[in-house]
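Enquirer: I'd like to ask you about the structure that follows.
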Amino acid sequence: MRKAIIAGNWKMNKTPAEAKALVEALKPLVKDATCDVVVCVPAVDIATVKAAAEGSNIKVAAQNVHFMESGAYTGELSAEMLKAAGAEYVIIGHSERRQYFGETDFTVNKRVLAAVKAGLKVIVCVGEKKEERVDGYTDALVAYQTLIALTGLTDDEVKQVVVAYEPVWAIGTGLVATDEQANETICVIRKAIEGRYGKEVADAVRIQYGGSMKPSNVKGLMAQPEIDGGLIGGASLKAEDFSLVVNYDK
Ligand code: 13P
112 MRKAIIAGNW KMNKTPAEAK ALVEALKPLV KDATCDVVVC VPAVDIATVK
162 AAAEGSNIKV AAQNVHFMES GAYTGELSAE MLKAAGAEYV IIGHSERRQY
212 FGETDFTVNK RVLAAVKAGL KVIVCVGEKK EERVDGYTDA LVAYQTLIAL
262 TGLTDDEVKQ VVVAYEPVWA IGTGLVATDE QANETICVIR KAIEGRYGKE
312 VADAVRIQYG GSMKPSNVKG LMAQPEIDGG LIGGASLKAE DFSLVVNYDK
């Protein structure tokens with residue numbers, strides 16, 4: 112049985128003071144969660160959120176990581192730095208990074224390898240654009256994105272990775288994949304992992320759905336057998352809304 116994992120991706124929102132207030136509001140609301148609860152926060156908030164979450168079941172993630180260990184890379188942050196600041200997880204390859212910041216499957220893979228080597232847990236994002244779905248490329252694309260991202264990891268390392276399936280057309284648009292669409296594509300991702308790493312590894316990997324997931328649709332999505340959690344954008348910015356998603360089974 113895979114343990115569900117619900118993560119809030121705050122994106123470029125919340126100053127440290129706002130972040131502290133949100134986590135303090137969230138703590139009592141999610142304390143009885145049966146799933147893993149993660150907040151993916153701006154790098155400048157990591158230390159504050161880690162301190163505010165102390166003694167709770169809330170885990171802290173960064174939203175990106177550089178692939179080099181150190182050196183002349185102005186503006187970048189290494190996996191060791193993020194870990195030292197208090198991050199346990201890191202999101203890699205979010206579609207916004209692919210779309211606006213030149214992220215490619217190749218650099219996603221480099222970041223995954225660096226993060227895993229440093230002991231950060233990885234949430235790696237894959238997903239198709241609207242025209243790719245319309246043209247029938249979804250399955251091939253998500254399989255390809257997933258396998259490139261994982262290249263170079265051992266079987267045991269792959270088992271620890273969380274994959275987030277986020278159809279780009281469903282992010283921040285209010286459009287949501289149907290429960291069946293999300294389940295089917297996640298099944299394709301799992302089959303691709305099985306094809307390369309075998310069934311035992313594929314069955315261990317947790318695969319989230321992301322894209323306009325919120326209190327009103329979380330139950331239907333989480334009832335699908337292949338969906339092991341969610342990566343939540345907009346609905347993670349308010350404690351009440353995020354707690355309703357986290358407590359989807361209550
Ligand atoms: P929304 O939930 O705002 O659509 O964002 C999804 C997302 O990109 C999470 O990483």
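Take the sequence shown: its position 50, counting from 1, is numbered 161 in my numbering, and each next residue is one higher.
All residues carry an ideal CB built from backbone N, CA and C; glycine is no exception.
Quick check on the DSSP output: the alpha helix (DSSP H) that includes R244 runs from which residue to which?
Expert: Translated into positions along the sequence shown, residue 244 becomes position 133. Residues 241-245.
Enquirer: According to the Cβ coordinates, are A313 and I304 closer than 8 Å?
Expert: Residue numbering aside, residue 313 sits at position 202 when the sequence shown is read from its first letter. Residue numbering aside, residue 304 sits at position 193 when the sequence shown is read from its first letter. Taking 8 Å as the Cβ cut-off, A313 and I304 qualify as a contacting pair.
Enquirer: Are the beta-carbon atoms of Q174 and C151 separated by less than 8 Å?
Expert: Looking up residue 174 in the sequence shown gives position 63. Looking up residue 151 in the sequence shown gives position 40. Going by C-beta atoms, Q174 is nearer than 8 Å to C151.
Enquirer: DSSP on Y255, reduced to helix/strand/coil?
Expert: Position 144 of the sequence shown holds residue 255. Looking at Y255 - three-state DSSP - the assignment turns out to be helix.
Enquirer: Could you name the residues of the same chain whose beta carbon sits closer than 7 Å to that of K170, not counting the 5 residues immediately before and after it, in chain order?
Expert: If you number the sequence shown from 1, residue 170 lands on position 59. Correct list, in chain order: D147, V148, V149, E199, Y200.
Enquirer: State yes or no: is the C-beta of M333 nearer than 7 Å to some heavy atom of the ligand 13P?
Expert: On the sequence shown, residue 333 is found 222 positions in, with the first residue counted as 1. Result no, Cβ not under 7 Å from the ligand 13P.
Enquirer: Between the region 318-325 and the region 335-351, can you find at least three pairs of beta-carbon atoms closer than 8 Å?
Expert: Yes, the region 335-351 touches the region 318-325.
Enquirer: Applying the 10 Å Cβ sphere with the 16-neighbour rule, what's the burial state of E210?
Expert: Here the question's residue 210 lines up with position 99 in the sequence shown. The residue you asked about is not Glu; residue 210 is Gln in the sequence shown. Classification of Q210: exposed, given that the 10 Å Cβ count is below 16.
Enquirer: State yes or no: is the C-beta of A260 nearer than 7 Å to some heavy atom of the ligand 13P?
Expert: Position 149 of the sequence shown, counted from the start, is the residue given in the question as residue 260. False, no ligand heavy atom lies under 7 Å from that Cβ.
Enquirer: Which same chain residues end up closer than 7 Å to A229 when comparing Cβ atoms and leaving out the 5 residues on each side of it in sequence?
Expert: Here residue 229 is taken as the residue at index 118 of the sequence shown, counted from 1. The residues are A190, E191, K194.
Enquirer: Quick one: residues in its chain with C-beta nearer than 6 Å to the C-beta of G263, no 5 flanking neighbours on either side, listed in chain order?
Expert: Position 152 of the sequence shown, counted from the first residue, corresponds to residue 263. L224.
Enquirer: At what residues does the beta strand (DSSP E) containing Q271 begin and finish?
Expert: As a position in the sequence shown, residue 271 is number 160, starting the count at 1. No beta strand (DSSP E) contains Q271, which is instead part of the alpha helix (DSSP H) from 266-271.
Enquirer: Threshold first: 4 residues or longer. Then list the alpha helix (DSSP H) segments lying entirely within the region 178-208, N to C.
Expert: Listed in chain order, they are 190-196.
Enquirer: Going by the C-beta, is N358 closer than 7 Å to any heavy atom of the ligand 13P?
Expert: Walking along the sequence shown from the start, residue 358 turns up at place 247. Not under cutoff, so the answer is no.
Enquirer: Quick one: does the C-beta of I300 sit closer than 7 Å to a heavy atom of the ligand 13P?
Expert: Indexing the sequence shown from 1 puts residue 300 at position 189. Not under cutoff, so the answer is no.
Enquirer: Between L258 and R222, is the Cβ-Cβ spacing less than 8 Å?
Expert: As a position in the sequence shown, residue 258 is number 147, starting the count at 1. As a position in the sequence shown, residue 222 is number 111, starting the count at 1. No, the Cβ-Cβ distance between L258 and R222 is not below 8 Å.
Enquirer: In terms of alpha-carbon separation, which member of A260, K330, V227 lies closest to E180?
Expert: Mapped onto the sequence shown, residue 180 falls at position 69. Per the Cα distances, V227.
Enquirer: Whose CA, out of L231, A158, N358, I203, lies closest to the CA of M197?
Expert: As a working note, residue 197 is residue 86 in the sequence shown. Residue identity differs from the one stated: residue 197 is Gly in this sequence, not Met. Nearest C-alpha to G197: A158.
Enquirer: Using only alpha-carbon positions, find the residue among R208, K125, K232 that is nearest to K270.
Expert: Along the sequence shown, read from residue 1 onward, the residue named residue 270 stands at position 159. Among R208, K125, K232, the Cα nearest to that of K270 belongs to K232.
Enquirer: Check for me: the alpha helix (DSSP H) holding Q319 runs from which residue to which?
Expert: Looking up residue 319 in the sequence shown gives position 208. Counting along the chain, Q319 falls outside any alpha helix (DSSP H), though it belongs to the beta strand (DSSP E) covering 317-321.
Enquirer: Among I282, G285, Y276, which residue has its Cα nearest to the Cα of C298?
Expert: As a first step, residue 298 is located in the sequence shown; it is residue number 187 there, counting from the start. Selected option, being the one with the closest Cα: Y276.
Enquirer: So is P278 buried or exposed if we call it buried at 16+ other beta carbons inside 10 Å?
Expert: Against the sequence shown, residue 278 aligns to sequence position 167. With 16 or more other Cβ atoms within 10 Å, it is buried.
Enquirer: Excluding the 5 residues preceding and the 5 following F353 in the sequence, name in chain order all residues of the same chain whose CB lies nearer than 7 Å to its CB.
Expert: Position 242 of the sequence shown, counted from the first residue, corresponds to residue 353. Result list for F353: G119, L137, I343, A346, S347, in chain order.
Enquirer: Go through its chain and collect everything with a Cβ distance to L355's Cβ below 6 Å, but skip five positions before and after it.
Expert: Counting from 1 along the sequence shown, the entry for residue 355 is found at position 244. So the list reads P326, once near-sequence residues are dropped.
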